[in-house]
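Residue numbers (this note's numbering): 212 to 347. Have a look at the structure below, then the notes.
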Amino acid sequence: MNLEQLEFGKTYEIRITITEEMVEHFAQATSDYNPIHMDEDYARGTIFQTRVVHGMLHAGLISGVVGTRFPGAGTIYLAQTLKFLKPVFIGDEITYRLKVLEYFPEKNRLRLETVCINQRGETVLTGEALVMPPNK
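This is how it looks when you write it as C-alpha cells:
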C-alpha cells in the first residue's frame, strides 16, 4: 500500500497466538534469558505466577506487520513508542491493530496507532509508529 491507499482511520488487524517456540527463538536472537521469561519454577515465585512473554517480542511482531502487511513490503520503520500495560503469557492470542492517525504526503510518512489486545479484550500494549511506505 502507498499513501494514496492509506487514508486517515484505515485499520489493519491480525491475530497471533504466542507460542513457546516464539519465546525460545526470541531469547536466542536477543540473548534475553531473563528467568521471568524462561524458567517456570522461577516465574511461579513472582507476582505473575507463570512465565511472561518478552515485551519486545510484541514490538518485533508489530514490525513484521508494518514491513509485510500494513502498509506492506518495503515499508521503512522510522520510530516506535511502546507502553506495556499488562503481561502476556504463552498461549495468549493477541490482536495486533494498526490504525492510520496521520499522513504526511509531502514526506511520504504515516503515523500509526499500534495496539495489542489479548483474547480477554484487555489492552496489553499501546504505542505509535512513524513509517515510510514504499513509493509505488
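For each residue, glycine too, the CB sits at the ideal point set by N, CA and C.
Where DSSP assigns a beta bridge to residue i, which residues make up the other side?
i: I328; result: T306 and T334
i: R322; result: E313 and L341
i: Y253; result: According to DSSP, Y253 bridges with nothing at all.
i: T286; result: According to DSSP, which records beta bridges pairwise, T286 is partnered with nothing at all.
i: Y223; result: L309
For residue i, count the other beta carbons within 10 Å of its own beta carbon; 16 or more makes it buried, fewer makes it exposed. Which is it?
i: P282; result: buried
i: L296; result: exposed
i: R308; result: buried
i: L336; result: buried
i: L272; result: buried
i: A340; result: buried
i: P344; result: buried
i: Y314; result: buried
Is the beta carbon of residue i less than 7 angstroms from the beta carbon of residue j?
i: N329; j: I301; result: no
i: A270; j: R262; result: no
i: F219; j: L268; result: no
i: T286; j: V342; result: yes
i: G338; j: L289; result: no
Looking at the structure shown, is residue i part of a helix, part of a strand, or coil, going by DSSP?
i: T292; result: strand
i: T230; result: coil
i: E218; result: coil
i: Q260; result: coil
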